[in-house]
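Okay, so here's the structure we're looking at.
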Amino acid sequence: MNPLSSNPQATPNRSPALTEPAGAAPYTITDREATRQAREQQVGQRPGTLNIRPGALKPRLFLMSYDDSTFTEQEYTDRYDELLDELRQHPELKHWIDVRGYGDLPLIEQMMQDFGLHPLQMEDVLNDYQRAKIDVFDDNRLFMVSRMTDFTRDLEIDDDQLSIFTGPNYVLTFQDDYDDCLDSLRTRIRSNFSTLRRHPVLYLAYALTDVVLDHYYPTMAAIGDYIEDLEEAIFADKRPRRLLNRILRIKKDVVRFRRLVYPERDKIAEILRLPEEIMPETLKIFYRDAYDHAIQALDLAESYRDNISSLTDLYLSDQGNRMNEVMKVLTIISTIFIPLSFVVGLYGMNFQHVDEHGHLLPRNMPELYSPWGYPMVLFAMGMVVATQLFYFYRKGWLTNR
Amino acid sequence: MNPLSSNPQATPNRSPALTEPAGAAPYTITDREATRQAREQQVGQRPGTLNIRPGALKPRLFLMSYDDSTFTEQEYTDRYDELLDELRQHPELKHWIDVRGYGDLPLIEQMMQDFGLHPLQMEDVLNDYQRAKIDVFDDNRLFMVSRMTDFTRDLEIDDDQLSIFTGPNYVLTFQDDYDDCLDSLRTRIRSNFSTLRRHPVLYLAYALTDVVLDHYYPTMAAIGDYIEDLEEAIFADKRPRRLLNRILRIKKDVVRFRRLVYPERDKIAEILRLPEEIMPETLKIFYRDAYDHAIQALDLAESYRDNISSLTDLYLSDQGNRMNEVMKVLTIISTIFIPLSFVVGLYGMNFQHVDEHGHLLPRNMPELYSPWGYPMVLFAMGMVVATQLFYFYRKGWLTNR
Amino acid sequence: MNPLSSNPQATPNRSPALTEPAGAAPYTITDREATRQAREQQVGQRPGTLNIRPGALKPRLFLMSYDDSTFTEQEYTDRYDELLDELRQHPELKHWIDVRGYGDLPLIEQMMQDFGLHPLQMEDVLNDYQRAKIDVFDDNRLFMVSRMTDFTRDLEIDDDQLSIFTGPNYVLTFQDDYDDCLDSLRTRIRSNFSTLRRHPVLYLAYALTDVVLDHYYPTMAAIGDYIEDLEEAIFADKRPRRLLNRILRIKKDVVRFRRLVYPERDKIAEILRLPEEIMPETLKIFYRDAYDHAIQALDLAESYRDNISSLTDLYLSDQGNRMNEVMKVLTIISTIFIPLSFVVGLYGMNFQHVDEHGHLLPRNMPELYSPWGYPMVLFAMGMVVATQLFYFYRKGWLTNR
Amino acid sequence: MNPLSSNPQATPNRSPALTEPAGAAPYTITDREATRQAREQQVGQRPGTLNIRPGALKPRLFLMSYDDSTFTEQEYTDRYDELLDELRQHPELKHWIDVRGYGDLPLIEQMMQDFGLHPLQMEDVLNDYQRAKIDVFDDNRLFMVSRMTDFTRDLEIDDDQLSIFTGPNYVLTFQDDYDDCLDSLRTRIRSNFSTLRRHPVLYLAYALTDVVLDHYYPTMAAIGDYIEDLEEAIFADKRPRRLLNRILRIKKDVVRFRRLVYPERDKIAEILRLPEEIMPETLKIFYRDAYDHAIQALDLAESYRDNISSLTDLYLSDQGNRMNEVMKVLTIISTIFIPLSFVVGLYGMNFQHVDEHGHLLPRNMPELYSPWGYPMVLFAMGMVVATQLFYFYRKGWLTNR
Amino acid sequence: MNPLSSNPQATPNRSPALTEPAGAAPYTITDREATRQAREQQVGQRPGTLNIRPGALKPRLFLMSYDDSTFTEQEYTDRYDELLDELRQHPELKHWIDVRGYGDLPLIEQMMQDFGLHPLQMEDVLNDYQRAKIDVFDDNRLFMVSRMTDFTRDLEIDDDQLSIFTGPNYVLTFQDDYDDCLDSLRTRIRSNFSTLRRHPVLYLAYALTDVVLDHYYPTMAAIGDYIEDLEEAIFADKRPRRLLNRILRIKKDVVRFRRLVYPERDKIAEILRLPEEIMPETLKIFYRDAYDHAIQALDLAESYRDNISSLTDLYLSDQGNRMNEVMKVLTIISTIFIPLSFVVGLYGMNFQHVDEHGHLLPRNMPELYSPWGYPMVLFAMGMVVATQLFYFYRKGWLTNR
């Protein structure tokens with residue numbers, strides 16, 4: 001009953017029947033509460049129970065069949081049986097069955113049975129938040145997960161899951177969305193001159209992994225540019241609002257990106273350790289190259305983390321500098337005027353030069369009666385100000401830091 | 001004397017008799033001093049000495065017996081002998097003996113003897129703060145500890161211990177509380193269509209581990225939501241009191257959660273390394289799935305830790321910003337009014353225009369006698385204020401940062 | 001000449017003679033300078049040179065001899081020869097030779113020779129600051145070091161060294177002090193019903209390790225309580241003086257505790273890796289339990305470290321908050337009164353309404369001559385204050401944050 | 001067709017033909033947008049597709065041929081065929097083919113074919129940002145990447161890639177630039193007495209690696225000097241603008257340097273693990289020395305990182321100190337003058353000594369009518385100032401910190 | 001030609017001739033620029049090229065020859081040939097050839113040839129900044145590097161290199177300086193009763209390593225004392241200038257010390273892994289002891305690092321506290337006097353009680369004409385001050401924190 005599995009006996013311990021329907025009809029609520037309810041519903045379910053995420057898209061099926069000289073490509077949405085027929089009729093070709101969207105449980109279950117997929121792995125496919133990994137079936141078929149990233153306008157890393165099953169002459173991929181980052185690969189397959197068509201079908205699985213990995217670079221580049229913009233914004237006269245908030249948000253992205261790439265690297269390392277009969281040396285040389293790329297992406301992510309941490313330091317130090325500047329303005333103004341105010345207050349006192357009986361009190365503020373009193377006071381105050389300004393100048397308070 | 005142990009000779013080096021009663025009668029004091037006294041009492045005791053925690057609940061016993069086609073379920077509280085009889089009469093069935101509450105030392109000791117449990121492991125059961133672990137008996141029976149978490153209303157992670165002993169045809173679990181998170185599993189066993197009933201009894205031990213692991217997700221989700229709430233609270237106009245305190249408390253939870261899950265992951269990794277005769281490959285495929293889940297929970301916990309550390313940064317920076325704002329208000333007010341106050345003080349001085357002998361002193365404050373003196377001073381002060389406001393505006397101090 | 005060593009040829013490469021006396025007569029100076037002098041004296045000495053720490057206590061010798069049915073216990077201080085006789089006369093019993101105090105070099109050297117102890121290890125014993133470790137002699141005898149902790153009133157972790165040598169039918173322990181934490185173990189040995197007396201003598205070495213490990217918990221509990229007290233003190237209205245100092249001191253303790261327990265854990269892990277002929281599996285099951293305890297103690301220490309780091313954050317943030325509060329009081333007072341002071345200063349100016357020639361100057365401060373001038377100024381100032389208070393209230397500055 | 005590859009069958013799985021031209025004609029745009037476009041163009045391309053970086057230099061070809069006694073050196077730019085002839089005519093000599101600049105795709109492809117280079121590795125060569133690494137071909141030839149560093153005037157680490165291919169009697173190097181740091185090595189080869197000419201050709205590959213490693217030290221020294229300059233600048237009276245910015249920039253450099261050296265160390269470690277037939281022990285002794293140098297460079301980089309982190313602490317603390325000083329000036333001035341201003345304000349009050357009806361009001365400010373009123377007030381204010389100055393002096397506020 | 005090398009064929013691949021003189025005549029410039037020039041000169045040189053550091057001392061040669069019963073000791077400076085004769089004449093004795101100072105290249109090269117030393121290792125000797133390490137020659141001779149530390153008065157760790165070559169019956173040491181820390185070892189050798197003289201010559205190499213290791217403790221102790229002094233200084237009323245600078249400087253020392261000890265530990269660990277024929281078990285027991293010491297030194301260094309990090313926290317918190325205190329003084333003074341100044345300003349206003357036409361304006365400041373006006377205002381102001389003082393007292397601002 002597993003017409004496409006090379007060896008139907010290879011997975012005897014897997015429960016092929018899925019008699020308990022998951023029950024959750026597809027619906028579309030996206031708010032936090034609904035998501036949590038859905039999550040809690042799954043708690044305690046039998047492992048391997050398939051849950052279609054609320055709001056999942058209706059699956060579209062595509063098939064590319066090729067060898068060195070021939071190539072056909074067609075969409076089989078709603079025509080799964082024809083797709084199967086096509087596969088059965090052309091065992092000599094290599095096939096890429098490309099499923100986009102999960103929103104049809106009976107179809108998914110039918111494919112599980114036909115292709116001999118394990119419910120636990122199918123659960124990983126549908127969960128859609130599985131880290132990159134590789135599982136080896138006991139008949140040497142592979143199950144690989146890659147995460148495709150996209151950096152959206154509002155500074156979020158958007159990551160979708162690409163699940164890859166390999167078979168003797170086919171590669172079967174599942175993804176959540178209709179759009180993906182694999183078009184450049186499709187173009188290469190369509191080309192008659194592509195070396196890809198001459199390699200065994202396992203090379204297609206590699207090519208998928210590699211294209212996903214290649215797409216990490218534009219994401220990283222966008223993050224890198226944004227970090228540079230933030231760095232300039234820190235020293236701008238008018239800092240944007242909630243700048244630190246943005247810095248920490250991009251940091252979150254970088255941290256998340258690292259979490260995405262680490263398992264990817266580990267996955268490739270595991271592939272490199274696979275025995276020759278599962279992964280031939282002629283393919284490993286390509287994975288070794290992909291491994292270098294993953295390392296480099298991690299390296300870059302580490303650099304970004306360092307940069308962001310320096311940014312945070314800069315931000316806080318600049319905040320301190322601005323406070324310092326405010327304090328200096330306050331201090332200069334206060335220090336200049338407070339003594340002057342004392343002086344003018346002093347000569348505002350009402351000590352009488354003549355008491356109530358008309359006697360002269362010559363010691364009470366004779367300055368007020370001096371003909372040069374006012375000009376001299378003004379001059380004295382000017383001297384005080386000049387002294388203070390000189391002191392501040394020497395302290396470097398008058399220059400801009 | 002070990003009717004349910006497959007091989008009574010398998011544990012010859014374990015001291016079966018527990019002649020020294022632990023002495024501590026069950027009582028209910030929960031304050032710190034009492035707990036410490038209890039703790040100190042245990043210091044220096046013989047390893048394997050059983051201590052019933054003060055306030056432990058009276059044990060309730062439940063039995064579920066099942067195979068593909070039959071299923072019985074009954075409570076045997078206070079009827080331990082009948083439970084034993086039931087087990088002996090149905091060696092062909094799979095049994096789950098479910099003990100809730102530890103408050104009856106003689107019963108516990110009787111069970112230890114009947115099921116051939118080691119005192120050291122029984123001590124781990126009763127201690128109730130053993131990290132997740134797995135021990136393998138020399139007759140291939142297993143002792144596993146899982147920690148069931150709950151996130152309470154007052155932001156505490158509440159964790160209870162689930163101790164699992166496996167035998168040839170039974171699983172024996174101990175827990176402290178009457179309530180637990182295993183009801184979804186019980187429902188699955190009761191269902192006639194459950195694949196669980198067709199698997200060997202070791203699968204039940206797996207299913208228990210898996211259900212506990214599944215319950216980590218709602219806990220994590222609640223923590224995640226709370227962290228988001230805190231993030232919003234930081235920028236609120238009126239920050240809640242002791243906000244940092246709350247941030248650090250949730251951090252404590254996350255750290256504690258990580259400490260719970262790490263041993264869980266290690267336990268599962270150890271299970272995956274068990275030889276085929278103890279843990280067959282058909283079960284390991286399920287544990288591999290559980291391993292992925294544990295890794296994912298750890299990943300999430302790491303993200304939360306990063307988020308909280310960013311929150312702390314944000315909080316402190318915002319605190320600095322608020323201080324900055326206070327300083328700016330002070331500086332603006334002072335800087336505007338201090339010079340004005342000097343001016344008005346200046347013209348409050350009492351320099352006399354006429355000395356005591358009636359001579360005019362024309363250099364003493366002639367402004368006071370000018371017909372436009374007052375309006376011009378007012379105008380000059382207005383100019384000063386305008387200049388200052390313009391300066392502050394350019395500095396960006398008047399805008400809300 | 002090694003009457004108690006099972007195999008005198010086993011340690012041929014150890015230099016048995018200690019002809020160079022260490023020279024340092026026991027004296028009692030505890031200040032820093034003296035300690036340093038002592039330390040420097042040892043620099044460059046032959047490895048294995050025995051140095052009695054200044055102020056070491058005179059050794060007291062105790063012997064416990066037991067098997068399943070018999071038990072004798074006696075102090076042999078100053079009667080080492082009789083102790084040896086006792087050991088020789090009862091080769092069928094298990095013995096615990098318990099030496100407390102190091103202050104008698106000739107006795108120590110005599111014991112080294114009689115029991116075949118290596119000078120390097122004896123140096124470790126006397127140094128008294130050896131980390132927990134295990135050495136295996138080539139005749140399968142063991143040398144183990146444990147560190148006994150105590151948490152003193154003045155927040156110091158006091159740790160003493162317990163050195164354990166095992167022989168074919170004895171355990172020989174050395175410690176610095178007359179008092180220790182082993183009394184609960186002694187009580188257990190004295191009991192006729194103790195399982196300890198039925199186990200081989202190696203079990204006694206385990207029991208000693210386990211008791212020491214058990215005593216870590218009260219130390220940890222005391223530290224945990226103190227940390228909680230500190231947490232409350234941070235938010236107290238009157239913070240105790242040098243609170244941060246105390247926080248950092250307890251942190252030092254926790255860090256030190258971790259440093260004590262890590263080698264303890266490593267030691268037990270090494271014991272678990274010993275081959276069967278040195279450490280039988282029947283004992284390893286107990287060490288596995290001790291290993292769990294050591295891990296748990298480390299776990300706790302890690303939690304404490306996290307807590308203390310959070311405490312430091314809290315302290316500094318609270319310090320910032322207090323500064324903020326001071327600033328706010330200053331700002332409110334200044335902001336309210338500075339404009340008012342300007343206004344009253346304004347009307348304190350002496351612009352004359354009539355010049356020196358008696359001409360009216362109607363533009364000079366006509367307000368002063370208005371019948372409602374004073375009340376209106378008072379009202380205007382009241383309005384200013386009300387506006388400011390409203391502004392501060394909206395900012396949340398009037399509430400207690 | 002691979003005249004210089006020792007074993008043409010050794011790389012059967014490499015696609016020798018490069019029929020798809022990379023298309024991107026060399027052009028010269030260096031701004032961010034252009035770089036990103038180029039990067040994005042490569043995403044999804046077939047692995048092993050060669051892309052010439054926009055602006056790449058036209059390749060110059062150099063050949064050094066030598067053995068113990070003979071030596072020839074010539075530039076073969078635009079004469080690649082003659083170079084090949086030279087190589088074929090002198091199989092008994094050792095050759096260094098030195099290619100500088102990548103800007104000629106057909107030539108690069110021709111060399112790939114002639115020397116049997118793998119497209120993936122050639123891609124690494126042209127990418128020019130490959131970390132240091134070593135690949136071993138299946139015919140024991142090596143591909144090594146080193147990174148040559150330079151520390152530019154504007155505090156940037158400039159790093160160029162040196163790609164080294166080894167063959168039976170040649171070493172083939174690629175680099176991006178016409179200038180490099182290898183001139184000292186060239187001089188050594190030219191010398192008739194150089195031991196280098198007596199070693200096998202693999203030693204040349206070592207010597208190249210070693211020279212590159214040697215050049216790390218001047219870079220490190222320049223960074224070290226700059227760090228010292230920064231340390232002095234922190235305490236300078238007039239701190240340079242954006243000092244922290246510079247500190248963090250040099251930190252970026254150090255971090256980047258570490259990232260450069262780590263793979264270098266790993267590469268050498270991998271070389272040391274190569275089997276004898278690929279890397280003879282007589283060469284490994286030199287690599288072991290290079291390994292020590294790499295470790296030492298890493299050590300130095302670690303020290304620098306620590307120093308920079310201390311610098312940041314110093315900077316922030318000094319910033320705090322400066323704020324403190326500003327606050328102290330403000331506080332001293334305010335504290336001295338505010339009470340004085342109160343006093344002079346007090347005696348500026350207009351309480352009347354005589355009411356409007358001419359009655360004496362003797363309680364209203366009699367001081368104003370005392371003959372010694374003014375001198376006594378001055379004296380009192382002097383006392384207040386003296387008291388305050390004494391208080392500040394005792395606090396240590398008047399001294400410079 | 002290698003009269004003292006046990007097996008002249010053992011090092012065939014080492015280039016014995018050093019025909020290229022290093023050229024750099026010994027001179028004495030110590031400034032940064034000169035050092036850098038010297039460094040840059042070495043870049044790109046042939047590995048194994050010997051460079052005498054500018055300013056190197058003229059070598060002094062010492063020889064100690066001993067066995068159980070005989071002992072001779074002599075200086076052979078400028079008499080290298082006689083030293084060689086002495087060695088050849090007494091092959092039955094153990095010799096320590098002790099070379100201090102490197103400043104004579106021809107002598108060094110002669111020794112290299114006579115003792116069969118490898119140029120790369122000799123380069124390590126002369127470089128004088130090689131980390132601790134061990135190299136094993138192919139004829140089982142050893143090359144070890146230790147670093148001798150000294151803690152100078154001006155808080156610098158001074159470290160010199162001790163390079164040790166072992167041979168069949170000799171140990172050959174090189175060091176830079178005439179003074180060292182090995183005198184205690186020399187005294188031990190001179191003593192007739194020393195066990196050192198009975199051990200094989202390899203034990204001398206161990207003893208050298210051990211003495212160097214022993215000298216780490218006084219260095220650590222000095223650092224520890226200094227850290228304690230710093231801790232007290234933080235809370236002193238008058239903090240010393242640039243205290244943080246000192247803290248960070250001692251931190252640099254500790255970090256450097258760790259970097260010294262880590263390779264030392266690794267070296268000893270590598271020695272412990274050497275096969276029995278190179279390092280007999282009878283010696284390893286001593287190295288195991290040295291390993292414990294190295295671990296303990298590292299442990300201490302880690303503690304110091306923690307302490308210093310706590311010191312930094314304390315310093316910054318105390319800095320914050322001092323700022324707080326300054327702010328509180330400012331706030332108290334301002335808050336008390338600003339309202340008072342307002343009041344006195346209020347009654348300094350010149351609102352007229354009689355207008356210019358002689359009409360009474362009774363609403364204008366009637367208080368000024370009240371007989372109790374002045375006393376009541378004084379009383380009111382006293383009340384305000386009392387209220388404020390009470391408020392501050394309750395806030396805890398008047399107490400010293």
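Each protein sequence line maps, in turn, to chains Z, B, R, C and H.
Using full-length UniProt numbering, you'd call the opening residue of the first sequence number 1 and step up by one each time.
Using full-length UniProt numbering, you'd call the opening residue of the second sequence number 1 and step up by one each time.
Using full-length UniProt numbering, you'd call the opening residue of the third sequence number 1 and step up by one each time.
Using full-length UniProt numbering, you'd call the opening residue of the fourth sequence number 1 and step up by one each time.
Using full-length UniProt numbering, you'd call the opening residue of the fifth sequence number 1 and step up by one each time.
Glycine included, each C-beta is placed from N, C-alpha and C at the ideal position.
This structure is a prediction, so every number in the text was calculated from the model and none was measured.
* Establish whether the CB of residue 319/Z and some CB of chain B are separated by less than 8 angstroms. => For residue 319/Z, the nearest beta carbon of chain B is closer than 8 angstroms to its own beta carbon.
* Pull up the CB-CB distance for residue 350/H and residue 347/R, whole angstroms please, since I reckon it's below 8 angstroms. => About 6 angstroms; that satisfies the 8 angstroms criterion.
* So which of 166/B, 215/B, 319/B has the shortest CA-CA distance to residue 233/B? -> Looking at the Cα atoms, 319/B is the closest of the given residues.
* **Beta-carbon proximity check, residue 144/Z vs residue 157/Z, cutoff 8 angstroms** => Cβ distance not < 8 angstroms, so residue 144/Z and residue 157/Z don't count as in contact.
* Asked: Is there contact between the region 166-183 of chain Z and the region 238-249 of chain Z, where contact requires at least three CB pairs shorter than 8 angstroms?
  -> At 8 angstroms Cβ cutoff, the stretches do not touch.
* Asked: For residue 267/H, which option in 279/H, 257/H, 278/H, 291/H has the closest C-alpha, if you only look at C-alpha atoms?
  -> Of the listed residues, the one whose Cα sits closest to residue 267/H is 291/H.
* Asked: Beta carbon of residue 377/Z, beta carbon of residue 342/B: below 8 angstroms?
  -> It is not a contact, given that the beta carbons lie outside the stated cut-off.
* If the cut is a Cβ gap below 8 angstroms, which residues of chain H does residue 284/R touch? -> Residues of chain H passing the Cβ test: none, with the nearest at roughly 24 angstroms.
* Could you tell me whether the Cβ of residue 382/B comes closer than 8 angstroms to any Cβ of chain Z? => So no, residue 382/B is outside the interface.
* **CB contact check: residue 115/R to chain H, cutoff 8 angstroms** => Judged by the 8 angstroms Cβ criterion, residue 115/R is not in contact with chain H.
* Asked: Tell me which same chain residues have a C-beta within less than 6 angstroms of the C-beta of residue 340/B, skipping the five on either side of it?
  -> For residue 340/B, same chain residues with a beta-carbon under 6 angstroms away, outside a window of 5 residues either side, are 381 in chain order.
* Can you name the residues that DSSP bridges to residue 150/B? -> Answer is 158/B.
* Heavy atom of the ligand SAM within 7 angstroms of residue 356/B beta-carbon -> No copy of the ligand SAM appears in this structure; indeed no ligand is present at all.
* To do: Mind checking who residue 166/R pairs with in its DSSP beta bridge?
  => Its beta-bridge partners are 171/R.
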